[in-house]
Amino acid sequence: MKLNPAHAIFDGNMFVQLRGLLDPITPPAGLRILDMSIGEPQQPPAALLIDSVARHNDEWQFYP
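Numbering follows the numbering used here, with no gaps: position 46 of the sequence shown is 267.
Below you can see the structure in the form of structure tokens.
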């Protein structure tokens, strides 16, 4: 498969590369870390999202 050459910057596992960039950084003392990583959600979804999904639940089987 031929990929866009601009994507060459993503050679290897980009998450491993990101971890390597972030590891030497020490967060300021006394501040809570805001984890923006992808993974298991730690908070419940916002009511706006729950309501919207429920409101459009019968439309999921169709393409837009």
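All residues carry an ideal CB built from backbone N, CA and C; glycine is no exception. These figures come from a predicted structure and were not determined experimentally.
Item, Value
"Taking Ile271 as part of the alpha helix (DSSP H), name the residues at either end of that continuous run.", "Ala268 to Arg276"
"In terms of alpha-carbon separation, which member of Arg253, Phe236, Asn278 and His228 lies closest to Ile259?", "Phe236"
"Anyone know if the C-beta pair for Pro248 and Ile254 falls short of 8 Å?", "yes"
"Just reading off the alpha helix (DSSP H) that Gln238 is part of, what are its end residues?", "Met235 to Leu243"
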